[in-house]
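In what follows, a single structure is set out as structure tokens and then discussed.
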Amino acid sequence: MEMEIAIVSDTHMPRRGRVLPEGCVARLQRADLIIHAGDLVGLEVLDQLRSLGELVAVHGNVDAPEVKASLPVTATVRSGGATLAVVHDGGPAAGRVRRMRSRFPDADAVVFGHSHIPSHERDEHGFQIFNPGSPTERRRSPHHTMGVARLSDGELTFELVVLD
0 MEMEIAIVSD
10 THMPRRGRVL
20 PEGCVARLQR
30 ADLIIHAGDL
40 VGLEVLDQLR
50 SLGELVAVHG
60 NVDAPEVKAS
70 LPVTATVRSG
80 GATLAVVHDG
90 GPAAGRVRRM
100 RSRFPDADAV
110 VFGHSHIPSH
120 ERDEHGFQIF
130 NPGSPTERRR
140 SPHHTMGVAR
150 LSDGELTFEL
160 VVLD
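If you're matching positions, the sequence shown starts at 0 in numbering that gives the first Met the number 0 and goes up one per residue.
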């Protein structure tokens with residue numbers, strides 16, 4: 000069984016009329032599951048994402064109090080023979096893979112956000128960490144981005160999707 004997971008983080012909406020790019024929305028609608036790795040900001044974003052498909056989300060550091068009350072700090076997705084952990088802040092880049100492996104010992108991968116900078120790392124044992132960047136607020140990244148994960152027979156792959 001193959002599963003496609005659309006991954007976003009740091010949407011920071013609604014601020015300054017910001018909306019999800021059309022290409023992002025299309026991928027979210029097509030996915031078997033949507034993951035949001037925190038900093039949605041408003042409850043209306045949570046409602047919008049839930050209207051697009053099945054959602055697993057965690058809260059971030061700038062989310063409104065009602066969003067923080069609605070979402071956990073961490074989440075776990077188990078499907079297709081793999082386990083994926085979700086957290087907002089992965090901490091400093093130095094030693095991040097090792098720290099995330101230690102924090103989530105049963106996971107095959109960790110999805111995180113916070114920095115708005117896309118990244119994908121793998122350790123020597125195949126454990127992965129993935130940050131999809133942001134589809135709405137790129138900050139120091141050259142592009143607005145999101146991610147797609149594919150689970151098939153226990154194999155987990157990540158793809159960074161450039162939206163502009």
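For every residue, glycine included, the Cβ atom is placed at its ideal position computed from N, Cα and C.
| Item | Value |
| --- | --- |
| Complete beta strand (DSSP E) runs within the region 19-49 (minimum length 3 residues, chain order) | 32-35 |
| Val86 to Arg14 span [Cα, whole Å] | 23 angstroms |
| Range covered by the alpha helix (DSSP H) that runs through Val66 | Pro64 to Ser69 |
| Outcome for Gln28 when other beta-carbon atoms lying within 10 angstroms are tallied against a minimum of 16 | exposed |
| For Gly112: DSSP bridge partner residues | Asp88 |
| For Arg77, three-class secondary structure by DSSP | strand |
| Between the CA atoms of Lys67 and Arg26 - distance to the nearest angstrom | 25 angstroms |
| Residues near His142 in its chain [Cβ-Cβ closer than 6 angstroms; skip 5 each side] | Val161 and Asp163 |
| Residues near Val109 in its chain [Cβ-Cβ closer than 6 angstroms; skip 5 each side] | Ala84, Met99, Phe103 and Ile128 |
| Best match in Asp38, Gln47, Val96 and Ser78 for proximity to Met2 [C-alpha to C-alpha] | Ser78 |
| Proximity below 7 angstroms, CB of Glu65 to CB of Leu42 | yes |
| Val57 beta carbon less than 7 angstroms from that of Thr73 | yes |
| Residue span of the beta strand (DSSP E) that contains Met12, given as start and end | Here Met12 belongs to no beta strand (DSSP E), and DSSP marks it neither H nor E. |
| Beta-carbon spacing of His115, Asp9 below 7 angstroms | yes |
| Test item: CB-CB of Leu159 and Pro117 under 7 angstroms | yes |
| Opposing strand residues paired with Ser118 [DSSP bridges] | Asn130 |
| Identity of the residues DSSP links to Val55 by a beta bridge | Ile34 |
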